[in-house]
DNA sequence: CCCCCAAGAAAGGAATCACTTTCTAACGAG
DNA sequence: CTCGTTAGAAAGTGATTCCTTTCTTGGGGG
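Take a look at the structure:
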């Protein structure tokens with residue numbers, strides 16, 4: 001008779017479970033990382049933000065470093081960079097570089113800082129391993145859908161373009177992100193594509209007329 | 001009569017002073033930063049490495065963050081990047097990029113990690129201010145002696161070359177440093193200069209014949 | 001030669017924080 | 001409906017470490 005129905009008095013404390021709870025814990029970890037930084041982030045602050053207790057965190061991750069590492073990886077896989085398909089190499093590049101800039105602005109700063117600073121030594125990984133894990137090894141230039149499509153359309157000849165040229169736009173956007181901590185301006189992206197990348201491309205397509 | 005002369009028994013404890021002591025303290029701070037990382041560095045470990053006590057540190061810097069910031073700045077100004085003069089733009093560039101890579105390899109990783117991670121919030125500076133202070137705003141492309149000399153020699157026409165092109169070699173070396181944490185390989189530097197920078201330069205010197 | 005500032009040693013205060021432990025009760029599985 | 005798992009609350013432990021304080025004595029400046 002003293003039983004209380006869900007919609008009755010008091011704040012209804014629903015209890016979260018499984019994957020959905022875990023996702024909220026990792027999101028809380030990422031948010032703390034962004035707002036406080038690794039140095040000021042505590043297990044208590046993460047638990048507090050997720051409205052749970054530290055014990056819940058320790059049931060899932062052995063220590064703080066494991067949690068932080070998982071939070072970074074979770075953020076990346078939960079925020080994939082859209083791969084555009086505009087029909088032209090130039091359009092695709094502009095769109096993808098913009099998407100990378102916007103989607104990865106905070107991510108790169110946070111991930112780089114955390115990976116570089118040796119703060120994750122508690123995971124037993126080498127700095128290089130941490131970096132690879134955190135950065136996700138997104139540098140697969142030849143495999144980039146972008147370029148493969150342009151190749152299939154006949155816009156470029158992948159076999160004749162040096163890898164350094166293909167990497168250049170992405171390297172520069174990554175560089176700008178790390179230096180400025182905000183997405184590159186549209187004007188900067190246009191400069192990268194129109195004043196650097198495309199001219200270099202033309203130098204390697206001398207025999208072609210397809211680039212118009 | 002119980003007075004002991006300097007060369008007599010016991011470890012001769014000379015007492016350091018002024019600028020020379022300060023330089024050793026900052027060097028100890030930098031070394032700890034490199035070996036232990038900000039997260040594991042303590043005032044005690046710095047004092048121990050410098051063979052002095054924490055009080056000596058606190059007489060100079062109000063707190064740990066101030067000391068770390070000063071140590072980073074001290075390292076940079078104590079290790080300037082050599083500006084080469086080989087007589088040609090290509091030679092100068094290869095030499096300077098190599099020098100930047102070698103001189104700044106550890107510096108960039110450490111400085112970036114420390115600046116980005118919000119660990120220096122104790123200094124009252126914004127993250128952007130910390131970054132500027134730590135990085136030293138070495139991005140003064142137009143002012144680069146390198147390019148000015150090439151301009152004077154008539155090798156290039158600075159007014160016709162976009163800033164993005166002039167920045168490119170330095171941006172890419174910086175990018176590589178941040179990604180790999182070790183100096184770029186000589187082959188990579190040659191690719192940057194010969195496959196990226198110089199071809200782009202030629203595109204803007206169409207009217208000239210001086211580039212051979 | 002003397003004096004005073006600061007180097008260096010030593011010890012401790014106070015706060016923070018990773019991680020643990022214990023307990024209650026919510027919720028899913030059967 | 002029952003049972004077992006685990007979310008969530010609460011309190012505590014031990015270690016670390018920043019920073020202070022006190023004291024002795026070396027050595028540079030006058």
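Chains as they are written, first to last, in the numbering used here: chain A, 1 to 212; chain B, 1 to 212.
Glycine included, each C-beta is placed from N, C-alpha and C at the ideal position.
- For residue 56 (chain B), the secondary structure class from DSSP, reduced to helix, strand or coil, is helix.
- For residue 32 (chain A), the uninterrupted alpha helix (DSSP H) segment begins and ends at 18-36.
- Straight-line spacing of the CA atoms in residue 174 (chain B) and residue 101 (chain B) works out to 8 Å.
- With at least 16 other beta carbons inside 10 angstroms of its own, residue 130 (chain A) counts as buried.
- Residues of chain B whose Cβ lies closer than 7 Å to the Cβ of residue 199 (chain A) are, in chain order, 200, 203.
- A residue is called buried when at least 16 other Cβ atoms come within 10 angstroms of its Cβ; residue 64 (chain B) meets this threshold and is buried.
- Annotation: the continuous alpha helix (DSSP H) that includes residue 191 (chain B) extends over 186-191.
- Check the Cα spacing between residue 96 (chain B) and each of B:79, B:105, B:84, B:89: the tightest is with B:84.
- Against chain A, the CB of residue 171 (chain B) has a partner CB under 9 Å away; the residue lies at that interface.
- Taking 9 Å as the threshold, the shortest C-beta distance from residue 107 (chain B) to chain A does not fall below it.
- Residue 62 (chain B) places its beta carbon 9 Å or farther from that of residue 25 (chain B).
- For residue 199 (chain B), the enclosing alpha helix (DSSP H) covers residues 198-203.
- Looking only at B:160, B:94, B:74, B:108, the smallest Cα-Cα distance to residue 30 (chain B) is reached by B:74.
- Straight-line measurement puts the Cα of residue 112 (chain B) at about 7 Å from the Cα of residue 113 (chain A).
- Distance from the CA of residue 146 (chain B) to the CA of residue 191 (chain B), rounded to the nearest whole angstrom, comes to 19 Å.
- Taking 9 Å as the threshold, the shortest C-beta distance from residue 113 (chain A) to chain B falls below it.
- In this model, residue 202 (chain A) and residue 149 (chain A) are separated by some 18 Å (Cα to Cα).
- In terms of Cβ geometry, residue 66 (chain A) and residue 45 (chain A) do not form a close pair [threshold 9 Å].
- Residue environment analysis places residue 144 (chain A) among the buried positions, since at least 16 neighbouring C-beta atoms fall within 10 angstroms of its C-beta.
- Under the Cβ distance rule, residue 110 (chain B) counts among the residues neighbouring chain A, one pair being separated by less than 9 Å.
- At a Cβ-Cβ threshold of 9 Å, residue 193 (chain B) and residue 93 (chain B) count as neighbours.
- Taking the CA atoms as reference points, residue 19 (chain A) sits about 41 Å from residue 105 (chain B).
- Put simply, of B:183, B:195, B:56, B:165 the residue whose alpha carbon is nearest the alpha carbon of residue 166 (chain A) is B:195.
- Residue 178 (chain A) has a beta carbon lying within less than 9 Å of a beta carbon in chain B.
- Excluding its 5 nearest sequence neighbours in each direction, residue 156 (chain B) has C-beta neighbours in its own chain below 6 Å: 150, listed in chain order.
- Assignment of residue 51 (chain B) by DSSP, reduced to helix, strand and coil, places it in the coil class.
- Among the residues of chain B, those whose CB is under 9 Å from the CB of residue 162 (chain A) are 191, 195, 196, following chain order.
- For residue 68 (chain B), the three-state secondary structure derived from DSSP is helix.
- In summary, residue 169 (chain B) is buried, with 16 or more beta-carbon neighbours lying within 10 Å of its beta-carbon over all protein chains present.
- At a cut-off of 9 Å between beta carbons, residue 135 (chain B) contacts chain A.
- Here residue 72 (chain B) has 111, 134 as same chain residues with Cβ atoms under 6 Å from its own Cβ, once five neighbours each way along the sequence are excluded.
- Per DSSP, the unbroken alpha helix (DSSP H) holding residue 171 (chain B) starts and ends at 163-180.
- Going by DSSP, residue 91 (chain B) is part of the alpha helix (DSSP H) stretching over 89-116.
- In this structure, residue 162 (chain A) keeps its C-beta atom at 9 Å or more from the C-beta atom of residue 98 (chain A).
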